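Numbering (my numbering), first residue to last: 764 to 1284.
Beta carbons: idealized from backbone N, C-alpha and C, even for Gly.
Source: prediction; values computed, not measured.
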């Protein structure tokens, strides 16, 4: 506020600033506090706004659709938004906006979209009996505009993402996700407590942050996959937490009382990989002076997690295929067939389909490990998770180093939000650890982050943010092109935009669509 004249201070600007600062303070208080605060404020405010509207218009009884639309548009536009009605029918009301009531700084707090959802949904549910609010586009998430769909017909909203509201039970979907996350983490921590009888500072219980829609889908997939016998392939960039997801699948499965054995295939020399995985007999090679049980035998009855499965040698791939097909193996240098009962979860940060085309990965093995595919989104696609991840990491580092850091400054959080995080959660942990070590007081005010040189200039900050977002968008578009083999209509559907917009982005990033369509052959 120091850059603004007090003579230009308006009640709306004051409230915008107050709410934004409140969100910054709230996000430091733990995983649930911020969303609970937003939900409470929005539900209470929604009741007040509806009562005020009724007093102004003299309307009693349930509001009809026209009155509801007049109320929500007037509410938003009177505090600085530019909302308008896009469409309305018996099933759904869609409104759009080119300006956010909270101003440009809302991009620092996409959680505030939950306030719109709770106000719109709460009012609709009280008058129509049911509502599901889907925020298709959001200025806070740098979509350039807002598009909010309010479904008042349960069947119409059935297959739509969003939060459900009834006149007595708001945010049912959010509650379901919270309960699912609690069940998964409790299962993981029960196993952790058994394995670590005397926890040291370096040993921390596992936890999954899933406030973003992308990670919530991962949690829902875990719940479906875990009880089955299906072999799972986890795909994702380095550092996104593939092993953590594998542990969650194990913890929620019937094998949870048996071992979970993680092995990084890329860290074992090629000459030793077969012996490490499948074991060897005495005298199988020079130095083999006794029988050695491999990881497969040690994981008997439980789960074997093969990280970087793409790095397996051709011989190891052949042996792995036999285990998957027949449920049996032979140790290196052995002649006896051993039956094994375990679940295999593989992980890769590579495009296995491309490796199959290049002849570097067996196609029959690919189909065996890829019975169920689970993709973990990069951190750049999970902005809602960032404040919660930061808080969780700080809490763990405080225990590790006996520090008393409570939060990060607003400026540091802003840097965290716009940085693309190519190293994902692992990089975030590393950066925060270095910064926490040198922090004084109770707040991290400096971040050891290699931003571009122009980031030191306040005038260039917007350009840096746009550049980082463009890199993320281009990477996502290229991934979608590979996944859908250049099918623009399917890509448009997955991105929630029009086909015309996809062609515009292809032109913007100078991407040759033909190269991806040729992947079909």
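Residue i, buried or exposed, once every other Cβ within 10 Å from all chains shown has been counted against 16
i: residue 1278; result: exposed
i: residue 825; result: exposed
i: residue 811; result: exposed
i: residue 964; result: Because residue 964 carries a pLDDT of 46, less than 50, the predicted location of this residue cannot be relied on, and the following value inherits that uncertainty. By the 10 Å Cβ count, residue 964 comes out exposed.
i: residue 890; result: buried
i: residue 1107; result: buried
i: residue 1014; result: buried
i: residue 839; result: buried
i: residue 933; result: Low confidence applies to residue 933: its pLDDT is 44, below 50, so where it sits in the model is not reliable, and the reading given next is rough at best. Classification for residue 933: buried.
i: residue 849; result: exposed
i: residue 987; result: exposed
i: residue 1089; result: exposed
i: residue 864; result: buried
i: residue 1221; result: Only weak support exists for where residue 1221 lies, its pLDDT of 45 falling under 50; the value from the coordinates is given anyway. By the neighbour-count rule (16 or more Cβ atoms within 10 Å), residue 1221 is not buried but exposed.
i: residue 1261; result: exposed
i: residue 1143; result: buried
i: residue 1038; result: buried
i: residue 1259; result: exposed
i: residue 887; result: buried
i: residue 764; result: With a pLDDT of only 40 at residue 764, under the threshold of 50, the placement of this residue in the model should not be trusted; the figure read from the coordinates follows. It counts as exposed.
i: residue 1217; result: Low confidence applies here, because residue 1217 scores a pLDDT of 46, under 50, leaving its location unreliable; read the following figure in that light. Classification of residue 1217: exposed, given that the 10 Å Cβ count is below 16.
i: residue 1265; result: buried
i: residue 1082; result: buried
i: residue 915; result: buried
i: residue 821; result: exposed
i: residue 1204; result: exposed
i: residue 756; result: The first residue shown for the chain is 764 and the last is 1284, placing residue 756 beyond what the model contains.
i: residue 1120; result: exposed
i: residue 892; result: exposed
Under 8 Å between C-beta atoms of residue i and residue j
i: residue 1000; j: residue 1141; result: yes
i: residue 1062; j: residue 1031; result: no
i: residue 1274; j: residue 1241; result: yes
i: residue 1059; j: residue 1095; result: no
i: residue 1018; j: residue 1065; result: yes
i: residue 973; j: residue 981; result: yes
i: residue 1005; j: residue 1110; result: yes
i: residue 996; j: residue 1136; result: yes
i: residue 830; j: residue 861; result: no
i: residue 1178; j: residue 1212; result: yes
i: residue 1008; j: residue 1139; result: yes
i: residue 859; j: residue 910; result: yes
Delimiting residues of the alpha helix (DSSP H) encompassing residue i
i: residue 977; result: 976 to 988
i: residue 1033; result: 1033 to 1041
i: residue 849; result: Residue 849 -> not in any alpha helix (DSSP H); beta strand (DSSP E) instead, spanning 846 to 851.
i: residue 1044; result: From DSSP, residue 1044 is part of no alpha helix (DSSP H); its letter is neither H nor E.
i: residue 1086; result: 1077 to 1089
i: residue 831; result: 828 to 840
Reference residue i, options the options, closest by Cα
i: residue 1133; options: 803, 855, 994 and 907; result: 994
i: residue 870; options: 1181, 831, 956 and 1060; result: 1181
i: residue 1078; options: 1166, 809, 1125 and 855; result: 1125
i: residue 1239; options: 1145, 1166 and 1121; result: 1145
i: residue 1101; options: 841, 851 and 1044; result: 1044
i: residue 1105; options: 894, 973 and 1092; result: 1092
i: residue 1097; options: 1121, 1120, 1173 and 1057; result: 1057
i: residue 1173; options: 1148, 1210 and 929; result: 1210
i: residue 1271; options: 1255, 1250 and 1233; result: 1233
i: residue 989; options: 968, 913, 1157 and 1016; result: 1016
i: residue 1002; options: 953, 949, 1137 and 1187; result: 1187
i: residue 983; options: 1022, 940 and 949; result: 940
i: residue 1029; options: 1170, 1069, 1009 and 1012; result: 1069
i: residue 844; options: 1190, 833, 1127 and 866; result: 866
i: residue 1074; options: 1084, 923, 808 and 1033; result: 1033
i: residue 968; options: 1128, 979 and 1010; result: 1010
i: residue 1206; options: 1192, 1255, 1166 and 1244; result: 1166
Closer than 7 Å: residue i CB and nearest the ligand HEM heavy atom
i: residue 1096; result: In the structure shown, the ligand HEM is absent, as is every other ligand, since no ligand is present at all.
Beta strand (DSSP E) segment containing residue i, residue limits
i: residue 998; result: 995 to 998
i: residue 1182; result: Looking at the DSSP string, residue 1182 is not in any beta strand (DSSP E), and its letter there is neither H nor E.
i: residue 1025; result: 1023 to 1027
i: residue 928; result: 926 to 929
i: residue 913; result: 909 to 914
i: residue 1155; result: First-last for residue 1155: 1149 to 1164, but that is the alpha helix (DSSP H), not the beta strand (DSSP E).
i: residue 876; result: First-last for residue 876: 876 to 891, but that is the alpha helix (DSSP H), not the beta strand (DSSP E).
i: residue 1137; result: 1135 to 1138
i: residue 1106; result: 1106 to 1111
i: residue 858; result: 855 to 860
i: residue 1070; result: 1066 to 1070
Taking contact to mean at least 3 C-beta pairs separated by less than 8 Å, is the region 894 to 905 in contact with the region 868 to 877? yes
At a cut of 8 Å, does the region 1146 to 1154 reach the region 1196 to 1204 through at least three beta carbon pairs? no
Mind the definition here: the region 1112 to 1123 touches the region 1161 to 1176 only if three or more C-beta pairs lie below 8 Å; say whether that holds. no
Give a yes or no on contact between the region 939 to 954 and the region 879 to 899, applying the rule of three or more CB pairs nearer than 8 Å. no
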